[in-house]
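Residue numbers (the numbering used here), protein chains in the order written: chain A, 1 to 483; chain B, 1001 to 1097. For glycine and all other residues, C-beta sits at the position ideal for the given N, C-alpha and C. All figures in this text were calculated on a predicted structure; none of them were measured in a lab. Beneath this line is the structure, given in structure tokens, with notes to follow.
Laid out in structure tokens, this is it:
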């Protein structure tokens, strides 16, 4: 009996290869669920019904020949900033509302080579600027655990789709926490790979020194399977890591068990029961043989400030290409200056305009030294804090977020929204990998809301993150965990 | 740092049309964001102004693809085209206004 609530990629692989059901049947179940429930939850901006059915049939042919790859026939959702050739991709923005991708992203290409089924494109904050999907030009997505609350962002649609059983897994992108924070809010696993581990070719760029595509899945093992499928050196991405074949390989059980907690950094801003829950997870890990140490990372406190200089600067540069000339929205105007100004003024939403202006300021003559170049320098010492900590511990752990999913409209002041990223942002600045694993929950107005436990590793040490993540899963058994 | 930011000038640099109401709103919001990020001034004294640890990655300029194979798929996204060219309004003016 096919029960998508307890299904995982690993479980579906076994079932598909054992011919218990076909990819076509599985895909039809998801498409039917999306049709029944997604008008309400709005995880998807577009469902690729016809092509999904065709892809499922092609996957079934491969499965019946006993030639399946790990992800053959698996129904996956893709964030609206990852290009699929011939498909609309809009980055959650009106400026690209009807833009059709002229090529596949490398991640898309890799997944196509395994005959994955693409269910559709998921909702996101516009140009990945936001932590709730409230900045999507096409309306927000709802958190399946409490529909009065956001699913987080910017990969909120992807997280909500997986948590809501509208996709078996999803891809998102993470620039300052946009995979990990929605994963935490929705009670799913979210991985941000090492910078350079996954190609950014075909990902609509936000902050080029920060962006990584990452999987959102129900389990750590599923995260590993999807990561293995998308990672690898790509000559099209000049920041792609060469020789990253060793990422992801670790012998389960025989891994580093020294965990560092940056205690000083956790003193303020976390809701008390969230901190309590974090301590509970630490105790469970201690019982499982882990050693918990305090690590000093004195420059972590500057991470948000550095991020909100570097990221708007890079985003303002990356978004300069949207000018009404080569693609996307073009507002009729009498002259070229007005073409640019009106197209960008109308096509971009409020938060995007705000960040472009901040980015323009910090890069402008007379201010670039004080802001952008200084931020670059401080970024280096934040990175050094991580490398120093890794001299004495194998991984660093924090709560993924300072609190559970917040309500729509609750973070209307831009700065209060930015503070949501306080534990996730340092990771992107340092370029190291991090995973958020569901770990416990807290009660808010009679509803149990999930929380995430963040594990941060050394560059290319995703394998360790998966091993530790599995131990966290053992402390919090979920219905889909097989014995 | 002065807390007054010339948002209109920034909007011009960024080629962004901003309404009067939004300009007024941003004249409050942007200084608040800048005040928040200015905290790095305290740290920077200890950090050396870094040279970017980056290098250019280029491929060899050889083996071009067949002419025209991507033309249609790229041009099909252009808002205005003339034949095989993207149509653009006049950029350089011949006479000074």
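- Rounded to the nearest whole angstrom, the CA to CA distance from residue 291(A) to residue 423(A) is 21 Å.
- Chain order gives the chain B residues near residue 238(A) as 1057, where near means a beta carbon separation below 7 Å.
- In this structure, DSSP gives residue 76(A) an extended state, which the three-state scheme calls strand.
- When DSSP reads this structure, residue 445(A) sits in no beta bridge, so it has no partner.
- Among the residues of the segment 1001-1029 of chain B, those with a Cβ less than 7 Å away from any Cβ of chain A are 1005, 1007, 1010, 1011, 1013, 1014, 1015, 1016, 1017, 1018, 1026, 1029, in the order of the chain.
- 474(A) is the residue among 46(A), 74(A), 474(A) whose C-alpha sits nearest the C-alpha of residue 288(A).
- Collapsing the DSSP output to three states places residue 338(A) in a helix.
- Spanning the alpha carbons of residue 476(A) and residue 440(A) requires a straight line of approximately 7 Å.
- Restricted to the segment 107-152 of chain A, the beta strand (DSSP E) segments that are unbroken, complete and at least 3 residues in length are 117-122, listed in chain order.
- Residue 1075(B) and residue 135(A) have their C-alpha atoms spaced approximately 30 Å apart.
- Residue pairing by DSSP puts residue 231(A) in a beta bridge opposite 198(A).
- Listed along chain B, the residues sitting closer than 8 Å to residue 335(A) by beta-carbon distance are 1089, 1090.
- The beta carbon of residue 84(A) sits closer than 7 Å to those of 78, 101, 104, 108, 118, all from its chain and outside the five residues before and after it, given in chain order.
- For chain A, the residues of the segment 1074-1086 of chain B that bring a beta carbon within less than 8 Å of one of its beta carbons are 1074, 1076, 1077, 1078, 1079, 1080, 1086, in chain order.
- Given a length threshold of 3 residues, each whole run of the beta strand (DSSP E) inside the segment 43-105 of chain A is given here in chain order: 44-47, 75-79.
- With 16 or more other Cβ atoms inside 10 Å of its own Cβ, residue 329(A) counts as buried.
- Counting along the chain, residue 173(A) sits inside the beta strand (DSSP E) bounded by residues 169-174.
- With its beta carbon at least 8 Å from every one in chain B, residue 135(A) lies outside the interface.
- Going by DSSP, residue 190(A) is part of the beta strand (DSSP E) stretching over 189-192.
- The shortest C-alpha to C-alpha distance from residue 55(A) to any of 27(A), 163(A), 385(A), 37(A) is the one to 27(A).
- In this structure residue 421(A) is not in contact with residue 212(A), their Cβ atoms being roughly 15 Å apart against a cut-off of 8 Å.
- Counting along the chain, residue 37(A) sits inside no beta strand (DSSP E); it lies in the alpha helix (DSSP H) bounded by residues 23-41.
- Residue 186(A) and residue 127(A) have their alpha carbons spaced roughly 21 Å apart.
- For the segment 97-117 of chain A, residues whose beta-carbon sits nearer than 7 Å to a beta-carbon of chain B comprise 99, 100, 102.
- Between residue 2(A) and residue 24(A), the beta carbon gap of about 12 Å keeps them out of contact (Cβ cut-off 8 Å).
- For residue 1039(B), the residues of chain A that pass the 7 Å Cβ criterion are 302, 305, in the order they occur in the chain.
- Listed as beta-bridge partners of residue 399(A) by DSSP are 453(A).
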